[in-house]
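Accompanying notes for the structure given below.
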Amino acid sequence: MFTADTGGNVSRVVHMYHFENYSARDATRRAAAAHADWQRYTDAARSCILTKESTILLQAPADVYAAAGIGCASGFQPAAAAAAGGAGGSSADQVVYELRNYRLRPGRNGVKALMAAFKTGLPSKLAADGVGQLALLAHSDVGQLNQVYEVYRYPSAQRLIEACERSRGAAEWQDAKSKAYELCDQFHISFLHPTRFSRWQ
Numbered sequence: 175m176f177t178a179d180t181g182g183n184v185s186r187v188v189h190m191y192h193f194e195n196y197s198a199r200d201a202t203r204r205a206a207a208a209h210a211d212w213q214r215y216t217d218a219a220r221s222c223i224l225t226k227e228s229t230i231l232l233q234a235p236a237d238v239y240a241a242a243g244i245g246c247a248s249g250f251q252p253a254a255a256a257a258a259g260g261a262g263g264s265s266a267d268q269v270v271y272e273l274r275n276y277r278l279r280p281g282r283n284g285v286k287a288l289m290a291a292f293k294t295g296l297p298s299k300l301a302a303d304g305v306g307q308l309a310l311l312a313h314s315d316v317g318q319l320n321q322v323y324e325v326y327r328y329p330s331a332q333r334l335i336e337a338c339e340r341s342r343g344a345a346e347w348q349d350a351k352s353k354a355y356e357l358c359d360q361f362h363i364s365f366l367h368p369t370r371f372s373r374w375q
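Position in the sequence shown (from 1) plus 174 gives the number in this note's numbering.
Structure (structure tokens):
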């Protein structure tokens with residue numbers, strides 16, 4: 175679970191859940207609906223909510239994840255808190271997640287083409303970046319279609335910006351970004367902070 179820092183509507187909370195398939199999602203939702211703690215939570219939250227949105231994502235193909243050197247987002251392990259200071263960092267740094275959203279133009283092959291570009295470009299981006307962790311790469315399956323999402327974890331917003339500057343020297347990543355811009359009609363970035371009880375600190 176995350177709260178929004180900047181990049182659009184900041185009066186929002188973002189939840190991310192992993193399910194093996196739609197049947198597992200249905201079973202989990204049924205179990206939650208019958209749980210007293212969840213009922214109390216939804217009752218308390220209802221008075222605070224203006225709107226709710228839900229999108230179901232499918233993770234990138236396994237070969238794209240393998241090229242980036244990561245596995246399923248359900249097994250994502252944030253870097254140890256002790257490493258947050260690192261070179262050029264501070265123990266006072268606040269972890270930030272960068273949510274990147276590409277809205278592609280309608281068409282059958284846009285998502286496939288962008289994933290192919292990322293497969294080639296992500297290794298150079300991550301190598302040049304040096305501090306960011308790719309937590310999720312996925313595309314929409316239910317909701318607004320033809321959307322691709324990247325989620326990266328950084329020790330702080332400042333180190334995120336510095337990493338972005340370094341990645342501009344990664345030629346393969348710049349080529350991948352050029353392909354993304356050809357395919358999409360909107361590109362949006364927001365910064366999120368994990369809640370204190372989030373697994374993704």
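Glycine included, each C-beta is placed from N, C-alpha and C at the ideal position. All of these numbers come straight from a predicted model, not from anything done at the bench.
message: Quick check for students: name the residue ranges of the alpha helix (DSSP H) that lie wholly in the stretch 190-238, counting only runs of 4 or more.
response: If we require 4 residues or more, the alpha helix (DSSP H) runs fully inside the stretch 190-238 come out as 196-207 and 210-220.
field: Buried or exposed (CB count within 10 angstroms, at least 16 for buried), Trp347
entry: Numbered from 1 along the sequence shown, position 173 holds the residue referred to as residue 347. It counts as buried.
message: Spatial neighbours of Ala287 within its chain, please: C-beta separation below 8 Å, excluding the five flanking residues on both sides.
response: Counting from 1 along the sequence shown, the entry for residue 287 is found at position 113. Within the same chain, and ignoring the five residues on either side of Ala287 in sequence, the residues whose Cβ sits closer than 8 Å to its Cβ are Lys353 and Leu357.
field: Cα-Cα separation, Ala256 to Arg279
entry: By one-based count along the sequence shown, residue 256 stands at place 82. By one-based count along the sequence shown, residue 279 stands at place 105. Residue placement at Ala256 cannot be trusted, given a pLDDT of 40 that sits under 50; what the coordinates show is reported in the next sentence. In a straight line, the C-alpha of Ala256 is about 42 Å away from that of Arg279.
- prompt: Using a Cβ-Cβ cut-off of 8 Å (strictly less than) and excluding sequence neighbours within five positions of Phe365, which residues of its own chain qualify?
  reply: Numbered from its first residue, the sequence shown carries residue 365 at position 191. Around Phe365, the same chain offers Ala178, Asp179, Thr180, Gly181, Val270, Tyr271, Glu272, Leu273, Ala331 and Leu334 as residues with beta carbons nearer than 8 Å, after the five sequence neighbours per side are excluded.
- prompt: Is there contact here, the stretch 292-301 with the stretch 219-233, by at least three beta-carbon pairs under 8 Å?
  reply: At 8 Å Cβ cutoff, the stretches do not touch.
message: Check this for me: beta carbons of Leu308 and Tyr323, under 9 Å apart or not?
response: Sequence index remark: in the sequence shown, residue 308 carries index 134 (1-based). Sequence index remark: in the sequence shown, residue 323 carries index 149 (1-based). No, the pair does not count as a contact, with Cβ atoms beyond the cut-off.
query: Thinking C-beta only, is Phe250 closer than 9 Å to Ala367?
result: In the sequence shown, the residue the question calls residue 367 occupies position 193. In the sequence shown, the residue the question calls residue 250 occupies position 76. Sequence check: residue 367 is His here, not Ala. At a Cβ-Cβ threshold of 9 Å, His367 and Phe250 do not count as neighbours.
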